[in-house]
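These notes concern the structure reproduced below.
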Amino acid sequence: MSRTPARRVVATAGHVDHGKTTLINALTGMQPDRWAEEHRRGLTIDLGFAWTTLADDTHLSFVDVPGHQRFLANTLAGLGPAPVVCFVVAADEGWQAQSADHRDAIAALGITGGVLVITRSDRAPDRVDAVVAQARAELAGTGLAQAPAVAVCAPTGAGLAALRRTLTEVLAQAPPPPAVDRLRLWVDRAFTLAGAGTVVTGTLAAGELGHGDEVVLHGARGVHPVAVRSLHSCGQPHRRLGPVSRVGVNLRGVDVAEVHRGDALLTAAAWPLTEVLDVRRTSGVPHPSAPQHLMVHVGTAAVPARLRPLDDDHARITLARPLPLIVGDPLVLRHPGSPRLFGGARVLDVEPPPLRRRGAARRRAATLAALPPDGDVAAEVIRRGAVTPAHLRRLGLPVGAAPPAGVHAVQRWWVGAADYRRWCRMLVDAVEHRHQRDPVGAGLSRGAAVDVVGLPEPGLLDALIADTGLVQRDGRLWAPGHERDLGAAAAGITAVQARLADAPFAAPEAHELAALHVGPRELAAAERAGRLLRLEDAVVVLPTAPALAMRTLSRLEQPFTVSAARRALNTTRRVALPLLAHLDARGWTRRVDASHREVVRPGSSTRHDETRA
Ligand SMILES: Nc1nc2c(ncn2[C@@H]2O[C@H](COP(=O)(O)OP(=O)(O)OP(=O)(O)O)[C@@H](O)[C@H]2O)c(=O)[nH]1
Ligand SMILES: [Mg+2]
Numbered sequence: 019m020s021r022t023p024a025r026r027v028v029a030t031a032g033h034v035d036h037g038k039t040t041l042i043n044a045l046t047g048m049q050p051d052r053w054a055e056e057h058r059r060g061l062t063i064d065l066g067f068a069w070t071t072l073a074d075d076t077h078l079s080f081v082d083v084p085g086h087q088r089f090l091a092n093t094l095a096g097l098g099p100a101p102v103v104c105f106v107v108a109a110d111e112g113w114q115a116q117s118a119d120h121r122d123a124i125a126a127l128g129i130t131g132g133v134l135v136i137t138r139s140d141r142a143p144d145r146v147d148a149v150v151a152q153a154r155a156e157l158a159g160t161g162l163a164q165a166p167a168v169a170v171c172a173p174t175g176a177g178l179a180a181l182r183r184t185l186t187e188v189l190a191q192a193p194p195p196p197a198v199d200r201l202r203l204w205v206d207r208a209f210t211l212a213g214a215g216t217v218v219t220g221t222l223a224a225g226e227l228g229h230g231d232e233v234v235l236h237g238a239r240g241v242h243p244v245a246v247r248s249l250h251s252c253g254q255p256h257r258r259l260g261p262v263s264r265v266g267v268n269l270r271g272v273d274v275a276e277v278h279r280g281d282a283l284l285t286a287a288a289w290p291l292t293e294v295l296d297v298r299r300t301s302g303v304p305h306p307s308a309p310q311h312l313m314v315h316v317g318t319a320a321v322p323a324r325l326r327p328l329d330d331d332h333a334r335i336t337l338a339r340p341l342p343l344i345v346g347d348p349l350v351l352r353h354p355g356s357p358r359l360f361g362g363a364r365v366l367d368v369e370p371p372p373l374r375r376r377g378a379a380r381r382r383a384a385t386l387a388a389l390p391p392d393g394d395v396a397a398e399v400i401r402r403g404a405v406t407p408a409h410l411r412r413l414g415l416p417v418g419a420a421p422p423a424g425v426h427a428v429q430r431w432w433v434g435a436a437d438y439r440r441w442c443r444m445l446v447d448a449v450e451h452r453h454q455r456d457p458v459g460a461g462l463s464r465g466a467a468v469d470v471v472g473l474p475e476p477g478l479l480d481a482l483i484a485d486t487g488l489v490q491r492d493g494r495l496w497a498p499g500h501e502r503d504l505g506a507a508a509a510g511i512t513a514v515q516a517r518l519a520d521a522p523f524a525a526p527e528a529h530e531l532a533a534l535h536v537g538p539r540e541l542a543a544a545e546r547a548g549r550l551l552r553l554e555d556a557v558v559v560l561p562t563a564p565a566l567a568m569r570t571l572s573r574l575e576q577p578f579t580v581s582a583a584r585r586a587l588n589t590t591r592r593v594a595l596p597l598l599a600h601l602d603a604r605g606w607t608r609r610v611d612a613s614h615r616e617v618v619r620p621g622s623s624t625r626h627d628e629t630r631a
């Protein structure tokens, strides 16, 4: 069975002039230095690209970086998205200043795969072992501490076969690219191709990209929808590419002038775009010794930023512009206006809480110190009160299918279990309190309930109502039974009911109601309790009155007038008019003309054999 050959990307690293470009040229037969100025000066200035195929059919692309410290930003853009490096040290010169810079960058980026290549071995064959030992000592503590070493002489080809074998082994053992369902391709180059338009290139370290995909380009001016017109890798067209590939993407929908290194092609709406992040130091000086103004390098982006130390190892970084970052992303920190790196950090939170109150920074440092490197889902849920697992996943947190201990799934949200219990108690108390204060009042409104409990998501209220067994009517809440409890008004309402039992259509007059201490609120409460029916604000009958009226009206000659109905029901126009309107509304009677109605007979579309609506 044939299998699709793996695709891998390796970046170079190492001091200026140590032979990185010469090595890649010897391995691939391609010249990575693309600019005339680079050839004239014999110096790499910007990233170079070349590729070859290894013995196991792996398609291997190289990103060749400059060694000169002036071009460190370019170097970091090449190393940023690369999972594996060829770390080059010249045998005749040994470890040098930019060897150390690149070592620091690799440490900050958390790169763990690589080969130590001792170049220019022909110039100092007897120094090779010493330089390997020196480099190993310098790389101790980084992901390259255990990297295999190979000595080469590019001009003669000595050692190249061994290097290819070693690269094959290292790449085979490197952890597979993360399986993610969203694209983030950091752009390292943008150019136009005659007849094709805008092309961007980058190292696709995770996610996939396909012909026709609709994605967004995120840059300094926000996000911009674009479509993939065609895709290339290693000079070949492809329908679809996954990690780890060098990709060239021909884009529809964007002018080349609008695209820059550090922009990113993203799956639309799949990434948080963040300016404020909390980070943990992974290498370099403690945060309080770091400059307040700095450059943050991540992916291929380099963005000015402000650093606010929270403790030695934790800091808040505010970027000059938002970037698509998630928890776990590695950052390289550099002095602005200087090629020196002073450290690395890893993103712990891309949606941190504001630090406004006194002592907030100290408390935040303590919280961050307790976080595992990939974040703590339960802590994030509790901090936010309620959050969807999809949102946490988007932030890069390790969200499983089920909520972690201490977290409940409630509808589409995850909430802290203790919070949820507290909200339930608060809601029941607030409803109870409202009823005690005003038994004939209209219960607690939903809006007031959300406010009183301080619910982070109003939508959670329905779950709380269901779980607490509260009764909801017309958007208001009662404890079960309380919606029928009339408190001090009960006696007055009972008197009204007794009177209507004797004379069903003799609705009490306003002054009679007043004498019984029954006002509009008491009538509304009685209606809610199912004890009275309000035909108009102050015109009340028993809930059985409409059905009773129908018995009388159906015996009248049809159609009938209001006067005929009034006489038959032994009542007044004050009651007869709203009663007939009520029957019309129920569909039990209907108007025939301006002065006549008739009973709608059973068997027609509506029936009147119910006693309550
Ligand atoms: N004798 C000898 N010379 C070499 C070897 N490898 C590279 N060189 C020479 O070293 C010089 C620098 O080589 P480059 O490949 O440009 O070095 P680099 O690391 O790419 O330099 P930057 O990109 O500027 O950092 C060139 O003159 C090369 O010809 C080697 O194995 N043996
Ligand atoms: Mg070079």
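Heads up: the sequence shown runs through residues 19 to 631, numbered per our numbering.
Glycine included, each C-beta is placed from N, C-alpha and C at the ideal position.
Proximity winner among Ala565, Gly537, Ala100, Leu534, relative to Val316 (alpha-carbon distances):
Checked all of Ala565, Gly537, Ala100, Leu534; the closest Cα to Val316 is Ala100.
Compute the Euclidean distance between the alpha carbons of Gly537 and Ala528, then round it to the nearest angstrom.
Roughly 9 Å between the two C-alpha positions.
For ligand 2, list every residue whose C-beta falls under 5 Å from any of its heavy atoms, going in chain order.
Checking every Cβ against the heavy atoms of ligand 2 under 5 Å gives Lys38, Thr39, Thr62.
Span of the beta strand (DSSP E) holding Asp367?
From DSSP, the beta strand (DSSP E) with Asp367 extends over 359-367.
Classification of His535 by the beta-carbon crowding that lies within 10 angstroms, buried from 16 upward:
The residue is exposed, with fewer than 16 neighbouring Cβ atoms inside 10 Å.
Take the Cβ of Trp53 as the centre, count every other Cβ of all protein chains shown within 10 Å, and call the residue buried at 16 or more, exposed below.
The residue is exposed, with fewer than 16 neighbouring Cβ atoms inside 10 Å.
Output yes or no for whether 8 Å exceeds the beta carbon distance between Leu636 and Leu283.
In the structure as shown, the chain begins at 19 and stops at 631. Residue 636 is therefore absent and cannot be evaluated.
Below 8 Å on the Cβ atoms is my guess for Ala286 versus Arg412; work out the distance and round it to an integer in Å.
About 12 Å separates the beta carbon of Ala286 from that of Arg412, a gap too long to meet the 8 Å contact definition.
Distance, Cα to Cα, Arg439 vs Gly362?
Cα atoms of Arg439 and Gly362: separation of roughly 41 Å, rounded to the nearest angstrom.
Residue-chain proximity (Gly510, chain C), Cβ-Cβ < 8 Å
This model lacks chain C altogether; it includes just one protein chain.
Would you check whether ligand 4 has a heavy atom nearer than 7 Å to the C-beta of Gly96?
This structure does not include ligand 4; its bound ligands are ligand 1 and ligand 2.
Would you mind giving the Cβ-Cβ distance between Ala563 and Leu571, rounded to the nearest angstrom? I have them listed as a contact below 8 Å.
Wrong, their Cβ atoms sit about 12 Å apart, outside the cutoff.
Ends of the alpha helix (DSSP H) at Thr46?
Membership of Thr46 in the alpha helix (DSSP H) is indicated by the continuous run 38-46.
For Ser104, is the beta carbon positioned less than 7 Å from some heavy atom of ligand 1?
In the sequence on display, residue 104 carries Cys and not Ser. For Cys104, the shortest C-beta to heavy atom distance toward ligand 1 is 7 Å or greater.
Looking at the structure shown, is Trp69 part of a helix, part of a strand, or coil, going by DSSP?
Trp69 falls in the strand class under three-state DSSP.
Which stretch, first to last residue, makes up the beta strand (DSSP E) that contains Ala109?
Ala109 -> no beta strand (DSSP E), and no H or E assigned at all.
Less than 8 Å between C-beta atoms, sequence neighbours within five positions excluded: which residues of the same chain meet that for Leu259?
Excluding residues within five positions, the ones whose Cβ falls inside 8 Å are Arg25, Leu222, Glu226, Leu227, Gly228, Leu249, Ser251, Val265.
Can you tell me the Cβ-Cβ gap for His305 and Asp331, rounded? I've got them flagged as a contact below 8 Å.
The Cβ separation is near 7 Å, so the contact holds.
Should Ala172 be listed as close to ligand 1, given that the test is whether its C-beta is under 7 Å from any heavy atom?
For ligand 1, at least one heavy atom lies less than 7 Å from the Cβ of Ala172.
Could you tell me if Gln116 is buried or exposed, where buried requires 16 or more neighbouring beta carbons within 10 angstroms of its beta carbon?
Under the 10 Å beta carbon count, Gln116 is surrounded by 16 or more other beta carbons and is classified as buried.
Classify Asp296: buried if its beta carbon has 16 or more other beta carbons within 10 angstroms, exposed otherwise.
So Asp296 ends up on the buried side.
Check each candidate in Pro194, Leu473, Pro561 and name the one with the smallest Cα separation from Ala516.
Each of Pro194, Leu473, Pro561 was checked against the Cα of Ala516, and the nearest Cα belongs to Pro561.
For Trp432 and Glu475, which I take to be in contact (beta-carbon distance under 8 Å), what is that distance rounded to the nearest angstrom?
Beta-carbon to beta-carbon, Trp432 and Glu475 are separated by about 11 Å, too far to satisfy the 8 Å threshold.
Can you tell me which of Gln191, Phe209, Asp281 puts its alpha carbon nearest to the alpha carbon of Ala95?
The alpha carbon of Ala95 has as its nearest neighbour, out of Gln191, Phe209, Asp281, the alpha carbon of Asp281.
Report whether the distance from the Cβ of His57 to the nearest heavy atom of ligand 1 is below 7 Å.
His57 has its CB no nearer than 7 Å to any heavy atom of ligand 1.
So Thr76 and Leu189 are supposed to be a Cβ contact under 8 Å. How far apart are they, rounded?
The pair is a contact, with the Cβ atoms about 6 Å apart (cut-off 8 Å).
Sort out for me which residues DSSP pairs Met313 with in a bridge.
DSSP lists Pro322, Arg352 as partners of Met313.
Own chain residues within Cβ distance below 6 Å of Asp231, not counting five before or after
Take Asp231, set aside five residues on each side of it, and the residues of its chain with a beta-carbon closer than 6 Å to its own are Val246, in chain order.
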